[in-house]
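In our numbering, the protein residues as written are 110 to 331.
All C-beta atoms, glycine included, are put in the ideal place defined by N, C-alpha and C.
Computed from a predicted structure; not experimentally measured.
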């Protein structure tokens with residue numbers, strides 16, 4: 110009898126867990142094609158404190174989404190010190206090198222922004238006889254995600270050509286910052302729709318569980 114009494118509670122816990130787990134990944138997988146900026150922190154491999162390498166990676170990073178696939182662009186200062194940078198055991202792609210400022214910009218694919226991304230780096234500082242390779246983790250701040258540009262909608266009706274031209278100005282960066290922020294909020298907030306749906310499901314589950322508990326309670330009284 111005791112097992113049956115607590116069965117609804119166990120069912121509720123299981124349903125809540127399965128309902129809430131996907132909520133942390135929606136923001137990183139539902140991005141529309143375009144370019145975004147995002148802040149991040151370089152963490153130690155075994156804890157969530159910032160690594161000293163955090164100072165070598167400039168913020169924010171750029172996220173490029175095309176056909177549902179994401180790439181990250183990062184700029185490294187003290188580039189001559191960071192002799193190796195690998196993600197998923199693959200060397201990152203070097204896009205450009207600025208030797209006068211000792212910087213380089215790199216790019217690599219990423220599938221998820223909600224979890225820290227492990228990477229291997231090698232740092233050599235000859236002046237202090239420092240030579241060490243280690244693992245770091247990139248933790249992306251999804252709350253800082255902002256749209257930089259969005260692709261032009263080629264399917265827009267010809268009668269709305271004025272609004273199309275305004276969109277093109279925002280994409281090219283010639284519009285005011287407030288307009289750019291509006292585009293950012295429009296694109297980044299899309300994943301919240303799925304979050305709202307899950308909250309509604311969560312409320313329904315609570316209501317159903319409450320109904321079952323009340324029915325069992327009344328049955329015991331009879």
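Where residue i sits in the DSSP three-state scheme
i: residue 137; result: No answer about residue 137 holds up, because its pLDDT of 46 lies below 50 and its placement is not dependable.
i: residue 196; result: strand
i: residue 177; result: coil
i: residue 212; result: strand
i: residue 171; result: strand
i: residue 186; result: strand
i: residue 155; result: coil
i: residue 236; result: helix
i: residue 321; result: helix
i: residue 164; result: helix
Distance, residue j Cα to residue i Cα
i: residue 163; j: residue 147; result: 15 angstroms
i: residue 221; j: residue 323; result: 42 angstroms
i: residue 191; j: residue 317; result: 57 angstroms
i: residue 166; j: residue 310; result: 41 angstroms
i: residue 203; j: residue 194; result: 10 angstroms
i: residue 223; j: residue 254; result: 12 angstroms
i: residue 168; j: residue 156; result: 21 angstroms
i: residue 149; j: residue 312; result: 34 angstroms
i: residue 178; j: residue 200; result: 19 angstroms
i: residue 189; j: residue 241; result: 14 angstroms
i: residue 180; j: residue 208; result: 24 angstroms
i: residue 239; j: residue 226; result: 25 angstroms
i: residue 170; j: residue 314; result: 40 angstroms
i: residue 153; j: residue 142; result: 31 angstroms
i: residue 173; j: residue 235; result: 35 angstroms
i: residue 250; j: residue 151; result: 11 angstroms
i: residue 176; j: residue 243; result: 33 angstroms
i: residue 159; j: residue 259; result: 32 angstroms
i: residue 246; j: residue 198; result: 13 angstroms
i: residue 140; j: residue 196; result: 22 angstroms
Residues that DSSP places opposite residue i in a beta bridge
i: residue 228; result: 196 and 245
i: residue 223; result: Partner(s): none; residue 223 has no beta bridge.
i: residue 191; result: 232
i: residue 250; result: 148
Minimum Cβ-Cβ distance from residue i to chain E less than 7 angstroms
i: residue 242; result: In summary, chain E is missing from the structure at hand, where a single protein chain is found.
Check whether the segment 228–238 and the segment 208–215 are in contact - that is, three or more C-beta pairs closer than 8 angstroms.
Proximity of the segment 228–238 to the segment 208–215 falls short of the contact definition, fewer than three beta-carbon pairs being nearer than 8 angstroms.
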